[in-house]
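Visitor: Numbering (this note's numbering), first residue to last: 1 to 142.
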């Protein structure tokens, strides 16, 4: 009887941990953007959606991710949205909280011209060197 309870406890623990929603690493140079189907190469512009079921959709550009959510009629409050921090491309941050900067000099894969940073200090630092960079947010993107 103790063995049966032990096995049941292990099964439940595995089931609960397998349902955890989190960022799933992007295999650069191999995985394609869920929207435009281009291969995701540039870490500085990569982003990802994880839906309520834990399915990950990966993108090469914030513009692709925004268009995808609209075209698929996704409820953004049910999604985890991740975007690479431009100044730390191996770090993924919450796109809903990120500070986005838009400028033509940011040569993103789909010419969206958008980058994401985590802090106001990082945004200000970039704006000092890129004079026409305009701040925006995920919610303000069309």
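Yeah, the Cβ is synthetic: ideal placement off N, Cα and C, and Gly gets one too.
Values in this document were obtained by computation on a predicted structure and should not be read as measured data.
Looking at the unbroken alpha helix (DSSP H) that takes in residue 133, where does it start and where does it end?
Guide: As a position in the chain shown, residue 133 is number 133, starting the count at 1. Unbroken run through residue 133: none, as it is neither H nor E.
Visitor: Could you check the C-alpha separation between residue 114 and residue 20 for me, to the nearest Å?
Guide: The residue labelled residue 114 in the question sits at position 114 within the chain shown. The residue labelled residue 20 in the question sits at position 20 within the chain shown. Each residue's alpha carbon lies about 29 Å from the other.
Visitor: List, from N- to C-terminal side, the beta strand (DSSP E) runs of 3 residues or more that fit wholly inside the segment 57-98.
Guide: 80-85 and 88-94
Visitor: If you follow the beta strand (DSSP E) that residue 115 is part of, which residue opens it and which one closes it?
Guide: Counting from 1 along the chain shown, the entry for residue 115 is found at position 115. Residues 114-117.
Visitor: With a Cβ-Cβ cutoff of 7 Å, do residue 133 and residue 87 count as a contact?
Guide: In the chain shown, counting from the first residue as 1, residue 133 sits at position 133. In the chain shown, counting from the first residue as 1, residue 87 sits at position 87. Result no, Cβ atoms of residue 133 and residue 87 do not sit closer than 7 Å.
Visitor: If residue 24 sits next to residue 46, beta carbons under 8 Å apart, how far is it from one beta carbon to the other, in whole angstroms?
Guide: Position 24 of the chain shown holds residue 24. Position 46 of the chain shown holds residue 46. So it is not a contact: roughly 12 Å between Cβ atoms.
Visitor: Is it true that the CB of residue 58 sits closer than 7 Å to the CB of residue 99?
Guide: By one-based count along the chain shown, residue 99 stands at place 99. By one-based count along the chain shown, residue 58 stands at place 58. For residue 99 and residue 58, no; Cβs fall outside 7 Å.
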